[in-house]
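J.:
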Ligand code: ADP
């Protein structure tokens with residue numbers, strides 16, 4: 073079973089994906105994690121994407137599609153969870169083509185709905201916790217980059233809601249509840 077977790081930054085996609093990995097042997101494909109890894113490893117690609125990521129904008133479709141393509145060719149285990157990908161209509165079309173090439177299907181697109189003020193609270197809270205624990209916050213977890221990230225979501229990613237709705241693949245759930253409540257909503261969709 074292959075699914076997309078769709079939602080704005082701070083919706084809780086990564087938290088839910090991690091539990092699905094544990095409990096259903098699925099593979100989490102987070103382009104955000106892959107890009108942060110590239111950024112930290114200092115590769116040429118990492119250097120190119122660092123500035124864009126830190127400001128809160130989107131990295132080029134070409135780069136993220138390339139990252140996903142590589143992963144789809146590997147072991148598929150209990151299926152893929154796409155987390156933070158696709159983020160543009162071009163990425164959504166590319167994903168459909170890549171899945172078809174692999175003889176795979178997209179089984180559900182789960183939209184996690186959360187209010188904007190909660191997102192800002194969660195992300196700035198996460199940044200403050202990291203600092204309080206003696207670490208450093210993510211370079212894009214600050215008020216200014218967060219505004220850019222939310223705008224990128226509404227302008228470039230939210231059209232995917234209509235796109236997948238039209239394809240009959242969209243299921244929207246309430247992402248505002250406790251972690252276990254959201255988990256239960258997702259479990260209902262997965263069956
Ligand atoms: P969040 O969902 O909290 O915004 P992510 O970890 O998913 O965080 O993404 C962090 C950053 O990585 C994004 O703001 C963007 O710069 C880049 N990024 C991640 N995934 C994509 C993607 N599919 N397309 C373009 N840029 C991406």
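Numbering (the working numbering), first residue to last: 73 to 263.
We treat Cβ as the ideally placed atom computed from N, Cα and C, and that holds for glycine.
Can the beta-carbon of residue 154 be found less than 8 Å from the beta-carbon of residue 77?
T.: yes
J.: Taking 6 Å as the limit between beta carbons, can you name the residues of its chain near residue 96, skipping five residues before and five after?
T.: 150
J.: How do the stretch 237-251 and the stretch 167-181 stand: do at least 3 beta-carbon pairs fall below 8 Å, yes or no?
T.: yes
J.: Any idea what DSSP makes of residue 91, helix, strand or coil?
T.: helix
J.: Exposed or buried, which one is residue 260 when buried takes at least 16 other CB atoms within 10 Å?
T.: exposed
J.: Three or more C-beta pairs closer than 8 Å, one from the stretch 123-139 and one from the stretch 216-224: is that the case here?
T.: The stretch 123-139 is in contact with the stretch 216-224.
J.: Under DSSP, the alpha helix (DSSP H) around residue 180 begins and ends at which residues?
T.: From DSSP, residue 180 is part of no alpha helix (DSSP H) but of the beta strand (DSSP E) over 180-185.
J.: Does any heavy atom of ligand 1 sit closer than 7 Å to the C-beta of residue 130?
T.: yes
J.: Taking its Cβ as the centre, do 16 or more other Cβ atoms sit within 10 Å of residue 252, making it buried, or is it exposed?
T.: So residue 252 ends up on the exposed side.
J.: Quick one: using the 10 Å Cβ neighbour count with 16 as the cut-off for buried, is residue 203 buried or exposed?
T.: exposed
J.: From residue 196 to residue 213, what does the alpha carbon distance come to, in whole angstroms?
T.: Here the alpha carbons of residue 213 and residue 196 stand approximately 6 Å from one another.
J.: So is the beta-carbon of residue 157 under 7 Å away from any non-hydrogen atom of ligand 1?
T.: Yes.
J.: Name the residue from 193, 86 and 123 whose alpha carbon lies nearest to the alpha carbon of residue 111.
T.: 123
J.: For residue 82, verify whether its CB is less than 7 Å away from any heavy atom of ligand 1.
T.: yes
J.: Does any heavy atom of ligand 1 sit closer than 7 Å to the C-beta of residue 161?
T.: no
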